[in-house]
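Protein chains in written order, with my numbering: chain F, 167 to 279; chain L, 9 to 119. Using N, Cα and C, we set each Cβ at its ideal position, and we do this for glycine too. Computed from a prediction, not measured in an experiment: that's the story for all the values here.
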């Protein structure tokens, strides 16, 4: 089944404790992206990647890192999480860039205490 | 990123009533996408509009792209409880590397 898989689904952590949210897609998509969703603010892009080893900042990249060493994986790294990073995170992918539709993962609800 | 305003933010309707959400931009758009997110779920692609004045239908859903390609609407005829969720529009920036989402319209349907 074609899908974008995110893990974990829920995560509670404390300020400053490094964490990684994994994202994997099995559709051979070139484009992958991370969004955060906050009430009243819609979906805001954190980072995106047009292909392997190519990443770039979105609208809200501060406090986040990403890597794209393999085509299928695009992990989101929070080196030193803070409470303002408490949010619902979505990974998404598309074939050949943003002219195509985005496929979203199921989301990761992160709480930073 | 590209700015796009979506209204209304919330809408309560009685089952069977119609519903419309609007997306507006101050600049000309290359295209616009619409997504639906069920409560507790993830956004799911509905449709993409590209041409000026384009109208597309999916059963009870009608999508329109304005003649000037600065606005778009999603209209649902005779809403059902299965239509509950948040509807987002999304627009591409000029460089084609970022998709900016509207704030979404949360639809609630009373049975």
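Short CB-CB distance (under 8 Å) between residue i and chain F
{"i": "residue 2(L)", "result": "Any property of residue 2(L) remains undetermined from this structure, which presents chain L solely from 9 to 119."}
{"i": "residue 111(L)", "result": "yes"}
{"i": "residue 56(L)", "result": "yes"}
{"i": "residue 41(L)", "result": "yes"}
CB contact below 8 Å: residue i versus chain L
{"i": "residue 237(F)", "result": "no"}
{"i": "residue 193(F)", "result": "no"}
{"i": "residue 222(F)", "result": "yes"}
{"i": "residue 182(F)", "result": "no"}
Same chain, Cβ closer than 8 Å to residue i, five either side skipped, listed in chain order
{"i": "residue 174(F)", "result": "187, 274"}
Under 8 Å by beta carbon: chain F residues contacting residue i
{"i": "residue 107(L)", "result": "199, 211, 264, 268"}
{"i": "residue 47(L)", "result": "The contacting residues do not exist; residue 47(L) stays about 12 Å from chain F at best."}
Own chain, CB closer than 6 Å to residue i, minus 5 neighbours either side, in chain order
{"i": "residue 168(F)", "result": "193"}
Partner residues on chain L for residue i, Cβ-Cβ distance less than 7 Å
{"i": "residue 230(F)", "result": "The premise fails here: residue 230(F) is roughly 15 Å from chain L at the closest Cβ pair, so nothing lies under 7 Å."}
{"i": "residue 276(F)", "result": "In chain order: nothing, as chain L lies at least about 15 Å away."}
Euclidean distance between Cα positions of residue i and residue j
{"i": "residue 92(L)", "j": "residue 232(F)", "result": "34 Å"}
{"i": "residue 240(F)", "j": "residue 246(F)", "result": "19 Å"}
{"i": "residue 223(F)", "j": "residue 269(F)", "result": "20 Å"}
{"i": "residue 38(L)", "j": "residue 99(L)", "result": "8 Å"}
{"i": "residue 118(L)", "j": "residue 90(L)", "result": "11 Å"}
Cut-off 7 Å between Cβ atoms - residues of its own chain near residue i, not counting five sequence neighbours on either side
{"i": "residue 253(F)", "result": "202, 203, 204, 276"}
{"i": "residue 60(L)", "result": "73, 75, 77"}
The stretch 248-261 of chain F: positions lying closer than 7 Å to chain L by Cβ:
256
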